[in-house]
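> Quick note, the sequence shown lines up with residues 1 to 188 if you use this note's numbering.
No residue lacks a Cβ here, since even glycine has one placed at the ideal position from N, Cα and C.
Here it is, the structure in full.
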Amino acid sequence: MGRFEGRGVVVTGAAQGMGRAISEAFLAEGARVVLADLNEEGVAATAEELGRDGNTFAVRCDVTNSDDVRNLVTASLDQLGAVDVFVNNAGTITMRRVVELGEDEWDMVMDVNAKGVFLCTRAILPHMLDRKSGAIVNIASQAGKRGYKLFAHYCRSDGCRGFRWVASRSRNTSLASRCSLPRTMRVK
Ligand SMILES: NC(=O)c1ccc[n+]([C@@H]2O[C@H](COP(=O)([O-])OP(=O)(O)OC[C@H]3O[C@@H](n4cnc5c(N)ncnc54)[C@H](O)[C@@H]3O)[C@@H](O)[C@H]2O)c1
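Printed below as a string of structure tokens:
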């Protein structure tokens, strides 16, 4: 029996890379997983590839759009019944020296990496508070802890998502908020 047998998990940015690998790991432990991504075709293909016996669901969602995020939570609750783990994994990066960095590029990276985490956390938290249970995992980066000359905007955004957003912990409430700071890694 897997460690997440029958549990409901949502992973953003799940069409490829780490989000796909995270989804695969939860599925291997018996979870049912909603894979969400801006890339509608990509996430549908990944969900189909990884799925077995109806344990995966694909949802198109832009994490910077609050309507999309609300729809993701509604669709996830419809499909899973309850969400035990929500993984804020969707992220983006560009490489540019700060003197050449445009405001649009700064805003785009901050929107996906920082605002996206806020919108998703805000949308799923009431459900977890009602159940007095749940875990939110933010995938940030080592880049949030130090500077890189081509990644000023990415470092700033990862500093934001690196902190543990959910401080609410009261008696009878078992809510966990975790943050992972991976180094550079190559994934399928
Ligand atoms: N790969 C690494 O070395 C590394 C290291 C540290 C941290 N990270 C972080 O891990 C996460 C995953 O990285 P990765 O390398 O797998 O990235 P990736 O680029 O391979 O995949 C990111 C996924 O997020 C999706 N996405 C982008 N913008 C989105 C949006 N607005 N809404 C929904 N989905 C969106 C993309 O379509 C893509 O499927 C990111 O947050 C990244 O910053 C990665």
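Pick helix, strand or coil for Ala140, following the three-state DSSP scheme.
coil
> With a CB to CB cut of under 7 Å and the five nearest residues on each side skipped, what residues in its chain are close to Glu193?
In the structure as shown, the chain starts at 1 and stops at 188, and residue 193 therefore has no counterpart that could be examined.
> Go through its chain and collect everything with a Cβ distance to Phe26's Cβ below 7 Å, but skip five positions before and after it.
Phe4, Val9 and Val33
> For the stretch 71-88 and the stretch 33-48, state whether three or more C-beta atom pairs, one from each stretch, are separated by less than 8 Å.
yes
> What separation, rounded to the nearest whole angstrom, lies between the Cα atoms of Gly81 and Ile124?
The alpha-carbon separation between Gly81 and Ile124 amounts to approximately 13 Å.
> Just how far apart, CA to CA, sit Lys132 and Pro126?
10 Å
> If you count every other CB in all the chains shown that lies within 10 Å of the CB of Met95, and 16 or more means buried, which is it?
exposed
> Less than 7 Å separating the Cβ of Ala45 from some heavy atom of ligand 1?
no
> Taking the alpha carbon of Ser177 as the point to measure from, which residue in Glu40, Glu48, Phe118 and Asn65 has its own alpha carbon closest?
Phe118
> Residue ranges of each alpha helix (DSSP H) run of no fewer than 4 residues wholly in the stretch 80-150, ordered along the chain?
103-110 and 116-131
> Is it the case that the CB of Arg156 approaches a heavy atom of ligand 1 more closely than 7 Å?
Residue side-chain check: Arg156 keeps its Cβ at 7 Å or more from all non-hydrogen atoms of ligand 1.
> Mark Tyr154 as exposed unless 16 or more other C-beta atoms lie within 10 angstroms of its C-beta, in which case mark it buried.
buried
> If we call anything under 8 Å between Cβ atoms a contact, is Val83 one with Thr12?
no
> What I want to know is whether the C-beta of Met95 ends up closer than 7 Å to one or more non-hydrogen atoms of ligand 1.
no
> Please report the residue range of the beta strand (DSSP E) in which Leu181 lies.
Taken as a continuous stretch (DSSP letters only), Leu181 belongs to no beta strand (DSSP E), as it is neither H nor E.
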